[in-house]
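Per my numbering, the sequence shown starts with residue 2, numbered consecutively.
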Amino acid sequence: MSGNSSLNRRQFVKGVAAAGAAGVILQSGQRAHGYRSANDRPVFATIGLRNQGWAITSKSTPYADFAALADVDANVLAANVEKTTKRQGKKPDAYKDYRKVLERKDIDAVMIATPDHWHTKIAVEAMYAGKDVYCEKPLTLTIDEGKLIEEVMKKTGRVFQVGTMQRTECGHRFLQAIAL
Numbered sequence: 002m003s004g005n006s007s008l009n010r011r012q013f014v015k016g017v018a019a020a021g022a023a024g025v026i027l028q029s030g031q032r033a034h035g036y037r038s039a040n041d042r043p044v045f046a047t048i049g050l051r052n053q054g055w056a057i058t059s060k061s062t063p064y065a066d067f068a069a070l071a072d073v074d075a076n077v078l079a080a081n082v083e084k085t086t087k088r089q090g091k092k093p094d095a096y097k098d099y100r101k102v103l104e105r106k107d108i109d110a111v112m113i114a115t116p117d118h119w120h121t122k123i124a125v126e127a128m129y130a131g132k133d134v135y136c137e138k139p140l141t142l143t144i145d146e147g148k149l150i151e152e153v154m155k156k157t158g159r160v161f162q163v164g165t166m167q168r169t170e171c172g173h174r175f176l177q178a179i180a181l
């Protein structure tokens, strides 16, 4: 970056992260029900709520309504329902089984932050259920899983985005390192 810019590296990285999440949010609003009015907000669900699942949910609540949360751990689920209710002013439905989320017709998009080995299965099922998808990395464990996701995305016409921020980042260590 040139010395003439008033934008520092930290601001740039934060902006890029926000833009990535905004892309799936804005696109899902158009995809699910045609063009929406400026007053309508996309309806989201998060599947997998530990650490990164809560991080992406909490950062997205200003831009979308979270109608449902899913996690197999009842304690994690309850804590995140409470936190999401406080952030958005309405209580999302809670599910231990993600398939119940995918059955809902009112949900435009899902954000997947489960353990890695679940990403492909849930993403494919979500697209076949008519949901746009934001999935945390790593997207897949094999090349064939990646090809399957691409095939299903093309077949269903769904929007699909993968979170690609620093894979080894713990907290804000990466941001701190580049700010030096």
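Backbone N, C-alpha and C fix where the C-beta goes; we use that ideal spot for every residue, glycine too.
Taken atom to atom, the span from the alpha-carbon of LYS106 to that of VAL77 is near 25 Å. For THR86, the enclosing alpha helix (DSSP H) starts and ends at 75-89. Between VAL44 and ALA71, the gap from beta carbon to beta carbon reaches 9 Å or more. Three or more Cβ pairs closer than 8 Å define a contact, and the stretch 133-146 meets that threshold against the stretch 118-125.
Separation of CYS136 and THR115 (C-alpha to C-alpha, rounded to the nearest whole angstrom) is 9 Å.
Taking 9 Å as the cut-off, the Cβ atoms of ILE113 and GLY49 count as close. Taken in chain order, the whole beta strand (DSSP E) runs of length 3 or more contained in the stretch 105-144 are 110-113, 133-136. In the three-state reduction of the DSSP assignment, TYR96 falls in the strand class. For the 9 Å CB-CB criterion, ALA69 and THR86 do not form a contact. Taking all protein chains in view, the Cβ of ARG159 is crowded by 16 or more other Cβ atoms within 10 Å, so the residue is classified as buried.
In the displayed model, LEU70 falls within a strand according to three-state DSSP. The alpha-carbon of VAL153 is positioned some 17 Å away from that of ASP109. Here the alpha carbons of VAL111 and LYS132 stand approximately 7 Å from one another.
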